[in-house]
Each structure stands twice: as C-alpha cells, then as structure tokens.
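Heads up: the sequence shown runs through residues 1 to 705, numbered per full-length UniProt numbering.
Read through the structure below, which is laid out as structure tokens, and then see the notes.
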Amino acid sequence: MEPQYIYGDDGIPVLVDDSSNPSSPVSSKPPKVKKGKKGKSSDGAQRKPKGPKYEEDSKAVFTIDSEGYDVTLSESRGKIIWANMNALGRRKKSGKLSGIFRGRRPSLSEDTVSDGLALDSLFGAQVRRRQKPGEKEEDGTCLGLVLSTSERKDANTLREKTIFMEHPSSDLCTEWKNRIMNYIRSVHQRPSIVKLFLQPYAGSKTGRNVFTRTILPIFQAAGVSVDLSEVAHNEFVKQDLAHMNMEDYDCIICMGGDGTVNQLVDSMMNKSQKDKDVDMKKHPQPARCSVPLGIIPTGRTNNVAQSVMGVADPVTAAIHIVHGNFLPVDICSISTPEKFLCWGFNCQYGFAGQVLSFMRRYKALGSKRIDAAFIKALTKAKLRAYECDIEYIMAESNSASKDTTCRTGCKVCQVPDKENESDAVVSDLVQELDPLNESFTSNASSVIDLPQDSPWRSLKGKFMNVGLFAIPGLCDVAPQGLHRYSHLCSGMIDLVLVKETERKEYVRHLRRHGNMKDPFDFPFIERHKIKELRFRPRFPMSWNYNDHDFSEIKYQMERVESKATTHKSMEVIADMDSDDDDDDIQRAQSICTLDMSDDDEDDNDERKENGGQTPQQPRLVGPQYRKTFYEMETARRKEIARKKEEKQKARMEEKMVAIWNIDNQMVKSRELDIRVHQGLISICGRGVSPHTEYSDVRHGCLSSM
C-alpha cells in the first residue's frame with residue numbers, strides 16, 4: 001500500500017495513517033521539493049521573508065457603482081484588488097436614466113479595476129453612516145466604507161477623489177478602516193497633528209471660506225487634527241511661535257500669500273536658531289529647521305508655493321501635506337554689516353524694487369496695480385541704472401547645473417546629510433590679530449594681508465537690476481520662473497546682473513519671461529552661480545550742496561584751539577623727557593596745592609558769612625542787539641532756500657539708490673550680506689512635473705512699450 005500524505009498551510013507533507021483517521025483528506029502524490037536554493041531549508045520548506053508583519057489578506061463583497069465586486073485587502077502587496085462578480089464584466093450604463101444620475105462619474109476607472117488601488121495612494125478611510133440629529137459619531141446605520149485618494153487633473157494639479165464601497169456590516173467596515181489607516185501611518189511618515197496660520201485677508205479675502213469648505217474636509221478625511229490660528233497683525237506669527245514648542249506638531253502650515261510665508265519662515269528659522277543656541281552673526285552654519293513647512297497659497301503672489309509645487313492651488317497643497325510629500329529647499333540668510341536681518345529665498349535690487357514700491361502706492365487698484373506699477377517703473381523718468389559695488393564667492397558648479405531646469409527627480413538637487421550638517425563648521429578667511437603670534441610680532445606693520453588666493457571677486461558698475469535667486473520663483477508674470485535655471489536644493493544662488501542698456505532692450509528682456517525664449521540671451525546680462533555676496537550701493541562724490549551750518553568764525557576758532565592744544569601737548573612731552581626738571585615740577589605742584597588750599601579756606605569763610613550758600617559771581621549784561629526787519633527777512637529766505645535744497649538732495653539720493661525686494665517684501669537696508677544654505681527647511685511639494693506644458697503670456701503693460 002502506498003503511503004498517504006496530507007499537506008498543511010506551510011506546504012510540508014505529513015504522513016497519515018489511514019487506520020487512525022480514515023476520513024482525513026489524502027493525496028497519493030507528494031509535492032516536488034527542490035533543494036539547495038536560496039530561501040529554502042534543508043527539508044525543502046519555504047522560508048518566510050523577513051520584514052514587517054502584515055495581517056492576512058481579507059476578502060469581502062462590496063457594492064461599487066451599483067455592481068457587486070469581490071474586494072481583497074492585501075497588506076503584503078500593498079493593494080486593494082477588485083474583481084467584478086459579473087462574468088461579462090461591467091454593465092454598460094443605460095442612457096435612459098434620470099438627469100440626476102446621467103452625468104455621474106463612476107468611482108472606479110478601468111485601470112483601477114484591472115490593476116487594483118495602491119494603498120500608498122490613499123490618504124484616508126472613513127465609515128459612512130446614516131445618522132439622525134443628536135446621534136454620536138459611532139451610532140447610526142452603516143452604509144459602507146469611503147476611501148479618499150487623489151487623481152491628477154494635469155501635470156501638477158491634484159484633485160480629491162472618493163471611492164464609496166457599500167456594505168451593511170459596521171464591524172467589517174470598521175476593521176478595514178483601521179487596517180488601512182494603520183498601514184498608511186506605518187509605511188509613511190504622514191502628519192497627524194498640524195499648526196495652521198490663516199491669513200483671512202490675503203488675496204481675494206476668501207481664506208475662511210476656502211479653509212472651511214475645501215481644506216478642512218481633506219484634513220478630516222486623512223485623520224489630521226488641525227490647530228487653527230488667524231493672523232491678527234504683522235507680529236502675530238512671531239509672538240505665537242516664540243511661546244510655542246514646534247516639536248509638538250508634525251507640520252506648520254501657513255495659508256496666505258508670499259507675505260505670510262515670509263513671516264512664518266523667518267519666525268521658524270529664528271526659533272530653531274534660538275532653541276539650539278546659534279548666533280547668526282557669529283556662527284557661519286545655522287541649524288536646520290526640524291519641522292516641515294506647508295504652504296496653502298491663497299494670496300496674490302505665491303512665488304514660493306508655485307516654485308515647489310508647480311501650481312498655486314490650495315487643494316493640491318493640502319493633498320501634498322496629508323500625503324507627507326516634503327522637499328528640502330535652499331534658503332538665504334540676509335544680514336547688514338551690523339546685525340542679522342532676515343531669511344529669504346529670492347532677492348532683487350533696482351527695477352524690481354521700484355515696481356514693488358509703486359505696487360504699494362497703487363494698492364487701491366487691486367489686481368490692476370501690477371500693470372500700473374510696471375508702466376510707472378518703465379517710464380523714462382523712473383527707469384535708470386544704479387551704481388553698485390558687488391563682491392561674491394563663486395560656487396563649484398558642474399556642467400549639468402548650467403541652463404537646466406529643475407524638475408521632479410532633478411539630478412542637480414542633492415539632499416544634504418542631516419547627521420553631518422549640524423557638525424559642519426565653516427571657517428572665515430579673515431584671521432584675528434594675535435599679538436603673541438610670531439608672524440605678526442616680527443613685522444612692524446599692523447596691516448594684515450589676506451592671502452593672494454582669496455575667493456572673493458568684485459564688480460563695480462551701473463546695473464538696472466541685480467537679482468539673486470535660490471529658487472526659480474514661478475509666478476503669473478513668469479510662468480517658468482523669474483530665473484528658470486535655478487534649482488530648489490543645489491546649494492547655490494544664481495546672480496543675474498542686468499547692465500545699463502537702452503529702454504527698448506530692457507523691455508525685450510522682460511517680455512521673454514512670458515514665452516519660451518531665453519530671457520538671458522542678451523549681451524548686457526551677466527550670470528554667475530555663487531555661494532555668498534556682499535552688496536554696497538555707490539553715491540557720486542560730486543554733489544553741489546551749500547552747507548548752511550558752516551561758520552567761518554567757528555572754523556577759525558576751532559583751528560586756533562587745535563593748534564594750542566597741540567603746542568601744549570608737545571611741551572608736556574618735552575618736560576617728561578627731561579630728567580633735570582623733576583625738582584621744579586614737584587615744587588610747582590606743591591605751590592599749586594598751597595594756592596588751592598588757601599582758596600578753599602577763603603570760600604569756606606564766605607559760605608559762613610552768607611549762611612552756607614556759595615557766593616555767585618556778578619554777571620555783566622550789555623545792551624542787547626535787536627535785528628532789523630531786513631536781517632529777519634534775509635534769515636527767513638535763507639531758511640526757505642535751505643529747506644528746498646534739503647528736499648532736492650533727498651530726491652536726488654532716492655534716485656541714486658533703490659530698495660530691496662525680498663520675496664515681494666520691501667527692505668530699506670541697502671548694504672546687505674547674503675549667504676545661501678542648502679536644504680535648511682522642508683516645504684510641501686514634489687517639484688515641477690517634467691510634463692508641464694507652458695503657453696505664452698502676453699502682458700498688456702509691456703505690449704504698449
């Protein structure tokens with residue numbers, strides 16, 4: 001009699017005795033076992049791979065789009081798989097349905113039915129119930145399970161999509177919901193609690209409605225708790241972050257325009273430096289911000305959000321946040337020669353600063369103020385070149401970073417090492433004077449010579465615009481970016497210098513920002529990839545200005561006094577050098593002390609006679625001189641002429657210099673030191689898609705020039 005085998009779940013054959021258990025299922029053919037291969041034991045049993053322990057696959061029948069599906073939840077494969085229970089496939093929708101269901105889109109596409117739905121693409125799962133007023137969340141009749149995922153509307157825009165699977169069992173739907181949410185949170189580091197700063201007056205002033213109707217439902221579907229704060233004034237974000245522990249939140253979000261983003265970034269970076277005891281004026285390498293930043297764009301200018309996501313869409317930003325899509329981005333530290341100033345991404349001086357100042361002046365025009373500001377800044381009276389002194393350090397850039405755009409999966413952008421970044425220390429080139437150093441004590445000169453191989457390079461000239469771009473700066477005026485060849489995390493700043501040129505040539509340069517032509521292909525434009533920059537404006541030395549405070553009598557008296565003090569100091573030095581006159585000096589000092597003591601005794605006697613009060617010296621008052629009417633009129637006219645000249649001087653100085661435009665924020669400090677830091681902050685987004693299609697943008701303000 002041939003031996004009988006039974007096969008278990010693990011595939012191991014077991015010999016079965018028919019006499020002991022005659023009703024047991026048996027098979028006459030043992031399984032084929034291959035030996036010696038990787039992943040199998042010596043007895044031929046399959047070894048289970050090491051990794052995360054997933055639960056067994058669950059199967060259930062759900063109704064989707066009025067059809068029955070055999071649905072399998074497989075955590076090991078990371079998918080939800082559908083199989084239509086109808087042998088002929090999905091039924092065609094009848095064209096005789098009512099108007100309510102005629103335009104309804106199916107929840108499942110053909111690709112989803114065939115390949116299944118990846119659990120990575122989900123950001124939430126909820127149990128839908130029919131509830132009566134006053135019932136709790138867990139009460140009510142179970143209707144089914146709702147899966148929240150996203151779909152692409154175009155290359156960069158995402159839209160929320162829900163799949164409703166009907167099932168009457170509350171226990172089954174709750175179990176599937178918990179398994180899906182646990183899988184999502186275990187595989188990806190997605191935020192569970194966020195802090196959101198809402199600017200309700202940004203853009204078209206619809207921030208509250210957009211948050212309540214669009215953004216909050218997405219966060220609720222993903223199970224994200226939101227701590228909401230409305231920005232009340234300019235210092236609100238700074239004051240709130242000063243008393244808040246950022247580590248309590250998984251993400252800090254701002255909902256507004258570039259102004260709100262600038263305030264939050266500046267406050268977050270300053271808070272990180274303060275927590276780690278980093279002095280930005282002394283320490284060359286700042287600390288990294290440990291909490292990522294989410295940007296939901298609702299303002300008029302959203303350059304930072306568009307550069308990181310490719311589109312200024314609030315729904316797309318919210319989906320990136322709940323999915324945990326964050327990208328390291330370069331940031332610049334901006335300081336004056338005296339103190340640290342702020343943080344920023346893109347900085348411009350010259351024409352861009354003038355446009356920003358005119359935009360503030362024409363604020364009442366609303367969306368038309370941009371065109372009005374451009375027209376005003378491009379007039380012959382306002383468009384001019386500015387004299388500047390620029391020093392910079394070149395960056396070590398490879399050939400791949402030149403004239404290449406930054407797209408998703410960019411090879412130029414490199415994620416910095418978080419472990420070694422905090423320990424890195426950059427040494428300054430200027431050494432302090434050590435009096436004990438032999439190299440300095442041997443020389444009589446006190447001037448410290450810098451090494452000949454100093455990396456600093458200098459430029460002097462007239463420039464119509466000076467731009468520093470750490471990110472591309474996508475906006476409505478420039479769909480591909482103010483500098484389309486900048487990268488998000490390359491550790492370099494793109495310095496763009498527009499030299500003095502004709503007005504029509506400069507307008508041609510501006511027009512090319514809105515089309516596919518290269519806006520920097522002009523002989524008057526110079527570009528460099530740098531790491532650090534020092535900027536100083538230049539003032540002309542020849543200024544015809546009458547100094548009304550100058551007095552010839554005062555000048556001559558000060559000159560005589562300076563000569564007298566110089567002569568006395570020389571006599572004192574000569575007396576100190578002579579050793580023979582020591583007795584005379586001591587005798588003179590004793591005589592002075594005797595004279596002073598006699599004077600003090602006389603003063604004390606006079607005080608006793610006057611009842612303890614110090615006697616006052618008599619004041620000699622002569623006849624007072626009264627000005628004539630002619631002299632008073634002459635003084636009045638001189639004062640008027642003086643005020644006119646001061647106003648003229650102020651106007652001329654305003655024409656000679658411009659203001660800084662830092663992320664669409666005005667900065668009046670003109671002498672700036674700017675340094676780039678690679679990947680110090682993470683922002684929600686995945687970059688610009690390589691399949692993005694651009695169309696030419698025609699600006700009415702430039703077409704008339």
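Note that beta-carbon positions come from the ideal geometry of N, C-alpha and C, so glycine has one too.
Quick test of your reading: VAL231 and LEU196, contact by CB under 8 Å. State the CB separation rounded to the nearest angstrom. That pair is no contact at about 11 Å.
In three-state terms, what does DSSP make of GLY207? helix
Between GLY687, LYS136 and HIS677, which has its C-alpha nearest ALA395's C-alpha? HIS677
DSSP three-state label for VAL498, please. strand
Less than 8 Å separating the beta-carbons of LEU119 and ILE218? no
Euclidean distance between Cα positions of MET255 and ASN86: 47 Å
With DSSP run on the structure shown, which of helix, strand or coil describes TYR249? coil
CB contact flag (LEU468, LEU497, <8 Å): no
Can you check which of these residues, ASN303, GLY299, LEU378 and GLU646, is closest to HIS483 by C-alpha distance? ASN303
Counting C-beta neighbours from all protein chains within 10 Å, is the total for HIS691 16 or more, i.e. buried, or is it exposed? exposed
With a threshold of 8 Å, are at least 3 pairs of Cβ atoms found where one atom belongs to the segment 381-394 and the other to the segment 529-539? yes
Would you kindly check if the distance between the Cβ of ARG152 and the Cβ of LEU143 is under 8 Å? no
For ASP43, is the classification buried or exposed, using 16 other Cβ atoms within 10 angstroms of its Cβ as the cut-off for buried? Note on ASP43: pLDDT 44, under 50, position unreliable in the model; the coordinate value appears next. Burial call: exposed.
With DSSP run on the structure shown, which of helix, strand or coil describes VAL231? coil
I'd like the span of the beta strand (DSSP E) that includes HIS528, first residue to last. 525-537
Quick one, are the C-beta atoms of GLY203 and THR72 less than 8 Å apart? no
Strictly by DSSP, which residues pair up with ASN465? GLY350 and VAL498
Please tell me whether THR301 has its Cβ less than 8 Å away from any Cβ of chain C. Judged by its chain identifiers, the structure shown contains no chain C, having just a single protein chain.
Alpha-carbon spacing of ARG626 relative to LYS563, whole angstroms: 35 Å
Beta strand (DSSP E) containing ASN661: first to last residue? 660-662
Selected residue, minimal CA-CA separation from ASP453, among ILE393, GLN480, MET464 and THR405: ILE393
I want to know whether the segment 356-363 touches the segment 458-472 - three or more CB-CB distances under 8 Å. no
Assuming the contact rule is C-beta atoms closer than 8 Å, ILE331 and PHE345 should be a hit. Round their C-beta distance to whole Å, please. 6 Å
Based on DSSP bridge pairs, tell me the residues matched to ALA60. VAL71
Distance between beta carbons of ILE319 and GLU160, contact taken as under 8 Å: 7 Å
Backbone CA spacing between ARG105 and ASN661 [nearest angstrom]: A caution first: ARG105 carries a pLDDT of 45, below 50, which makes its placement in the model too unreliable to give a value.
Candidates ARG698, GLU56, MET666 and LEU147: closest to LEU117 by CA position: LEU147
Cβ-based burial, PRO25 [other Cβ within 10 Å; buried from 16]: Any reading at PRO25 is ruled out, since the residue's pLDDT is 40, under 50, leaving its predicted position unreliable.
Taking C-alpha atoms, which residue in ASP476, ASN84, SER76 and ILE80 lies nearest to ASP70? ASN84
Return helix, strand or coil for LYS411, following the three-state DSSP convention. coil
Counting along the chain, where does the alpha helix (DSSP H) carrying GLU138 start and finish? Element bounds for GLU138: n/a, residue is neither H nor E.
Going by C-alpha distance, which of LEU241, GLU500, SER150 and GLY140 is nearest PHE522? GLU500
State the DSSP-derived secondary structure class of MET656, mapped to helix, strand or coil. helix
So for HIS243, helix, strand or coil by DSSP? coil
Which residues in the same chain have their Cβ closer than 6 Å to the Cβ of ARG512, if we skip the five residues on either side of it in sequence? PRO519
If you measure between the beta carbons of LEU264 and LEU228, is that distance less than 8 Å? no
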